[in-house]
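Have a look at the structure below, then the notes.
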Amino acid sequence: VALRLIKKSLTDPYKNLASWNRGDPCNSTWRGVICYNRTLDDGYLHLVPYFLGYNKFGLCKMMACLLFLLCNRLLLGRNLTGSLSPELGRLSHLLILDFMWNNITGSIPKEIGNIKTLELLLLNGNQLTGSLPDELGNLSNLDRIQIDQNQISGPVPASFANMTKAKHFHMNNNSLSGKIPSELSRLPDLVHLLLDNNNLTGELPPELSEMPNLLILQLDNNNFGGSTIPSSYGNMSALLKLDLSLNQLDGIIPAGSLSKNITTIDLSSNNLNGTIPPSFSRLPLLQKLSVANNSLGGSIPSSIWENRTLNATERLIL
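Quick note: the sequence shown uses the UniProt record's numbering, first residue 1, plus one each step.
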């Protein structure tokens, strides 16, 4: 019944779901539906329709059923359109919710926060608007949240700090505003924090340096201003990429002991003064150092890229 309700709510010009008509979906040939021939430990039958990402379509008014959305090609480019329904919150055993690279419009339903089993929330590359629901912070099993490249506005909820299993946090290329919640530093497994290309303001939280596994920190092209780069950022021991460019940060570049594995440091287009720290010359894998469009003085440390074999990819941008 639930799958038939889904079909009723879809615009399906190419009749891809014509087989969603009669009979048991597990005993009939329903396009895009696979059923396991057993129940899992929770006693439920789990349907497996194919995932709907990397398409030029959207879904509207999704109804409740027990399913996973997985990768296949059967529904690619079928010109389905619509928005995300609150009924998604009834998919209580969903592991992957993936509508990336479609034309989905409207807001993100707060009811998605009811799907406590969810591990991947992939909504990037759509036309979603509105704010980020606080209720998404209930997704304590989430490994990856990608809502980048939409038109989301408003603040990043502090409740997102409850996503304690999250490794990838991609909110870049939206219209987010307000401050970065310092509570995000309580995400111990986070490796990617991407908040670039938004309208975020205020100071950079020093607490972000406390995330032990953070590899990529991208906060470029926002409106952080009137504050310095926290001195603790000079001691982020796991970091591979740090991009704070295109903001209004002032003060000096903090010295410290950055990761020996760091490849990219971009601090360009701020209001920084002082000199380039000598510690930047002790980074054996550094490929790009950009400090252009600041008010730096002094000399360039002569030992940058000293005693190493160059491969023509190194860039020093002043």
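A virtual CB, placed ideally from N, CA and C, is assigned to each residue, including glycine. In this text the structure is predicted, and so the values were computed from the model without any measurement.
Using the DSSP secondary-structure output, state which residues sit across from residue i in a beta bridge.
i    : result
R315 : K288
D250 : N271
K241 : I216 and T264
H192 : H168 and I216
L94  : The partner list for L94 (beta bridge, DSSP) is empty, contrary to what the question assumes.
G225 : Q248
N199 : S177
Y258 : The amino acid occupying residue 258 in the given sequence is Leu; Tyr does not appear at that position. DSSP output for L258 lists no bridge partner at all.
L296 : G274
S83  : T105
To the nearest angstrom, how far is the alpha carbon of residue i from that of residue j?
i           : j    : result
V156        : L193 : 12 Å
L75         : K15  : Low confidence applies here, because L75 scores a pLDDT of 34, under 50, leaving its location unreliable and the question unanswered by this model.
G297        : I265 : 18 Å
P277        : I304 : 11 Å
L190        : G274 : 32 Å
R282        : Y233 : 16 Å
N37         : E119 : No answer about N37 holds up, because its pLDDT of 46 lies below 50 and its placement is not dependable.
W101        : L122 : 9 Å
F99         : L242 : 29 Å
residue 319 : M236 : Residue coverage of the chain in this structure runs from 1 to 318, which leaves residue 319 outside it and unanswerable.
T117        : S140 : 8 Å
L286        : L176 : 31 Å
A292        : R315 : 12 Å
G53         : E306 : Bear in mind that the predicted position of G53 carries a pLDDT of just 43, short of 50, making it unreliable; the figure below should be weighed with that in mind. Cα-Cα distance, rounded: 46 Å.
L84         : G106 : 7 Å
K288        : I252 : 19 Å
L310        : I96  : 43 Å
L217        : N21  : 48 Å
D24         : P188 : 44 Å
C71         : N126 : Caution applies to C71, whose pLDDT of 31 falls short of 50 and renders its modelled position unreliable; the value that the coordinates give is listed next. Taking the straight line joining both Cα atoms gives about 18 Å.
Verify whether the separation of the beta carbon atoms of residue i and residue j is less than 8 Å.
i           : j    : result
L267        : S299 : no
Q146        : L128 : no
D196        : L214 : no
A238        : S257 : no
E224        : N198 : The sequence shown places Phe at residue 224, rather than the Glu named in the question. Going by C-beta atoms, F224 is not nearer than 8 Å to N198.
L200        : I229 : no
residue 378 : N270 : Absent from the model: residue 378. The displayed extent of the chain is 1 to 318, so no value can be given.
A255        : S227 : no
G89         : I104 : no
residue 324 : L91  : What the structure shows of the chain is the stretch from 1 to 318, and residue 324 is not part of that stretch, so it cannot be assessed.
H170        : N124 : yes
E183        : A158 : yes
S131        : S153 : yes
L272        : L240 : no
D143        : K110 : no
Item to check | In chain order, each beta strand (DSSP E) run of at least 3 residues that lies wholly inside the region 97 to 177 | outcome: Whole beta strand (DSSP E) segments, 3+ residues: 120 to 122, 144 to 146 and 168 to 170.
Checklist entry - Is there contact between the region 203 to 212 and the region 159 to 166, where contact requires at least three CB pairs shorter than 8 Å? => result The region 203 to 212, when compared against the region 159 to 166, does not touch it at the 8 Å Cβ threshold.
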